[in-house]
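**Q**
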Amino acid sequence: MYKEKLIRGFCHLYSGQEAVAVGIEAALQPGDTIITAYRCHGFTMTRGVPVHNIVAELAGRRTGCTKGLGGSMHLYAKDFYGGNGIVGAQVPLGVGIALRMKHRGENEVMESSCDFICENNKYGMGTSVQRSSANTSYYTRGDYIPGLWVDGMDILSVREATRFAADWCRSDKGPILLETETYRYHGHSMSDPGTSYRTREEVQSMRRGRDPIALFQKSIVDNGLCTQDEVKEIEKRVRTEVDKEVERAMSDSEPPLEMMFGNIYHGIPPNYKIRGCDLKTWGSPFVTK
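Residue 78 in the UniProt record's numbering sits at position 78 of the sequence shown; the count goes up by one each step and never skips.
#1: Between K3 and M259, is the Cβ-Cβ spacing less than 8 Å?
#2: Rank T127, S15, M1 by C-alpha distance to the C-alpha of D211 and give the top, closest one.
#3: Using DSSP with H/G/I as helix, E/B as strand and the rest coil, what is E241?
#4: I believe Y76 touches C65 by the beta-carbon criterion, under 8 Å. Please report the beta-carbon distance rounded to the nearest angstrom.
#5: To the nearest angstrom, how far is the alpha carbon of I54 from that of G71?
#6: Does DSSP put S113 in a helix, in a strand, or in coil?
#7: Please go through the same chain and pick out, in chain order, the residues whose beta-carbon is closer than 8 Å to the beta-carbon of T140, but skip the five residues on each side of it.
#8: Which of the three DSSP states, helix, strand or coil, is assigned to C11?
#9: How about A214 and H52: are their beta carbons less than 8 Å apart?
#10: For F10, which residues of its own chain have a beta-carbon under 7 Å away from its beta-carbon, when the five flanking residues on both sides are left out?
#11: Is it the case that the region 191 to 201 contacts the region 164 to 183, given that we only count it when at least three CB pairs across the two stretches are under 8 Å?
#12: For S113 and P175, which I take to be in contact (beta-carbon distance under 8 Å), what is that distance rounded to the nearest angstrom?
#13: For K122, collect the residues of the same chain with a Cβ closer than 7 Å to its Cβ; drop the 5 residues on either side in sequence, then sort them by chain order.
#14: Please classify K5 as buried or exposed, where buried requires at least 16 neighbouring CB atoms within 10 angstroms.
#15: Write down the C-beta distance between G19 and V158 rounded to the nearest angstrom, noting that I regard them as a contact closer than 8 Å.
#16: From which residue to which residue does the beta strand (DSSP E) around V150 run?
#17: Just how far apart, CA to CA, sit H132 and C118?
#18: Is it right to say V22 is buried, meaning 16 or more other beta carbons lie within 10 angstroms of its own, or is it exposed?
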């Protein structure tokens, strides 16, 4: 879709890091909240947003989860605060959300404190962690915040570590830091081929030996939870469903131009007007149509 110019702007794929989002979601309770960075497609899906609404948002359609106005980096859902395009912006925002919950007495993970989860996918854009940090054991760098290293390519490892961290927070022991060591298969974004700072052999080695989906499939087959034929049938069914949802999303309409001014202000200021804009023509910035 991106190469067909159906998705515009920056687009950061989550391929290779699926175990982190899936493992975290499997460990949380209803009402627990998440905030993340711009590589947010996986978290949006695990938070329950249908494929149709995710694809529609990526393509700027009105049926997108943010009505076609957010795009790839700004996906939101109930108990999911994004999707943030500014590097690191989710950290202070997440702490602020936790403080709000504490004041309101809500019983989520963030009510007591935060689980800080670092997705270490080995590269910051085109710079490897070995070139950017003297100490690459990021779980040890939380100062007074205790930390754990987690295999971020193993769904069950992430799930159990997140359960431990969530229980830690709910027990009023303070925040905790998890470093989930994972890997992104593609470049930093769609404009980055991802091959100028690492070899194709490195990427293929990770795909062959450490792919989180393949590892989980092997685990459930080896433990007799399903057969290989059943796995293949699931894959076939999912691909068919995704293709249908993509086709459906692309047939949806784009948001009308007047929505550009929607959801900007809270409350109407006195004598409000937009210079050079006729509100009768463009509509109000206080109402999403």
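Yeah, the Cβ is synthetic: ideal placement off N, Cα and C, and Gly gets one too.
**A** The short version:
#1: no
#2: S15
#3: helix
#4: 6 Å
#5: 9 Å
#6: coil
#7: Within its own chain, the residues whose Cβ lies closer than 8 Å to the Cβ of T140, once the five positions on either side in sequence are excluded, are G147, listed in chain order.
#8: coil
#9: no
#10: Only S72, M73, S189 meet the Cβ criterion.
#11: Not touching, per the Cβ criterion.
#12: 4 Å
#13: Counting only residues of its own chain and dropping the five nearest sequence neighbours on each side, K122 has a CB closer than 7 Å to the CB of S128, V129, Y183.
#14: exposed
#15: Inspection of the sequence shows that residue 19 is occupied by Ala rather than by Gly. About 6 Å; that satisfies the 8 Å criterion.
#16: 147 to 151
#17: It should be noted that the sequence gives Ser, not His, for residue 132. Straight-line Cα distance between these residues: approximately 16 Å.
#18: buried
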